[in-house]
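The sequence shown begins at 21 in the working numbering and counts up by one.
Working notes, structure below.
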Amino acid sequence: MTAQIIDGKAIAQKVRQEVAARVSERIAAGKSQPTLATVLVGDRPDSAAYVASKQKACAELGMGSVHCPLPADATQEEVEARVRELNADPKIHGILVQLPMPAHIDEERVLQLINIEKDVDGFSPLNIGRLAQKGRKPLFVPCTPYGCIYLLEESGVKIEGANAVVLGRSNIVGMPAALLLISRNATVTVCHSRTRDLPSVVRQADILIAAIGRAEMVRGDWIKPGAAVIDVGINAIPDATKKSGRRLVGDVNFEEAKEVAGYITPVPGGVGPMTIAMLMKNTLHAAEIQDP
Ligand code: GUN
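Dropping the structure here:
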């Protein structure tokens with residue numbers, strides 16, 4: 021059996037086109053331009069690159085963006101003051117504080133300050149709390165897990181009643197992904213570094229979401245035949261055949277897994293493009309809530 025490859029690039033492109041169309045309708049109707057503020061504390065090159073792609077996507081979709089860089093030695097008070105200013109600015113609909121922040125900053129205190137209506141990353145305790153409770157709805161769902169669920173739904177994978185296994189319990193991906201799957205009536209197992217006999221747990225999964233950050237850790241013989249495999253990992257490994265001397269792989273051994281799975285996302289070109297597409301969708305939603 022060879023798996024159906026889930027084309028994240030194409031699905032993300034479709035989301036982006038839908039968002040761009042709704043943005044131009046809003047603007048034509050005289051409503052405000054959806055605008056995202058990005059807060060970047062420090063100069064981590066990976067974070068700077070992510071933030072630059074988020075701003076580029078805003079421009080491509082006709083949305084506004086405002087960048088708020090702060091130095092690596094900014095104080096807690098300075099970061100909080102910037103978030104308060106953005107909360108109070110009616111021209112800003114979404115606030116994204118790029119993570120991780122420098123170690124001296126209390127991330128939780130910053131995230132809980134973000135106005136829930138502007139929390140387009142869905143990381144504020146209020147949004148996560150709503151996601152975790154039955155019958156409550158968050159205003160925003162974290163972008164990468166939202167992208168994972170969107171890929172499953174667009175591919176026609178049935179989530180309700182499925183056995184889902186999530187590898188990893190990070191605040192950004194694993195935990196919110198597990199909560200989203202539960203909210204869609206899957207039976208969910210969350211695995212982490214202390215899980216015993218990981219391969220046998222993974223073999224029970226009709227749906228596998230791998231977000232542990234270990235290159236090609238999940239082998240083909242861990243996969244249940246016909247399973248849907250969503251690979252969130254982006255890991256660089258040495259490859260002498262490439263000019264850069266490296267290539268990107270996921271947390272799943274793609275060549276092995278695609279022979280067993282029913283559906284699988286490639287790396288790159290699977291979950292990656294979805295994160296920014298869902299951020300754009302959330303930012304449009306934020307504008308629609310604040311300026312209907
Ligand atoms: N760092 C890694 N992923 C993310 C994300 O989705 N949002 C933010 N704010 N920071 C991140």
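Ideal Cβ placement from N, Cα and C applies to all residues, glycine included.
Predicted model, so just to flag it, every value in this text is computed and none were measured.
- Going by C-alpha positions, H124 is about 40 angstroms away from A248.
- Less than 8 angstroms divides the Cβ of L201 from the Cβ of V208.
- Under the DSSP definition of a beta bridge, D251 partners with A230.
- When DSSP states are grouped into helix, strand and coil, T303 belongs to the helix group.
- Considering only T95, V291 and H212, the residue with the shortest C-alpha distance to T164 is V291.
- Set against 7 angstroms, the gap from the CB of C163 to the closest heavy atom of the ligand GUN is smaller.
- In this structure, the C-beta of D141 approaches the ligand GUN to less than 7 angstroms from one of its heavy atoms.
- Between the stretch 102-118 and the stretch 50-64 there are three or more inter-stretch CB-CB distances shorter than 8 angstroms, so the stretches are counted as touching.
- Where V86 is concerned, the enclosing beta strand (DSSP E) starts and stops at G84 to L90.
- For G149, the enclosing alpha helix (DSSP H) covers residues P145 to A152.
- Per DSSP, G167 is not a residue of any beta strand (DSSP E); the alpha helix (DSSP H) it occupies stretches across C163 to E174.
- A distance of 8 angstroms or more separates the beta carbons of A197 and A230.
- The DSSP-derived three-state label of I257 is strand.
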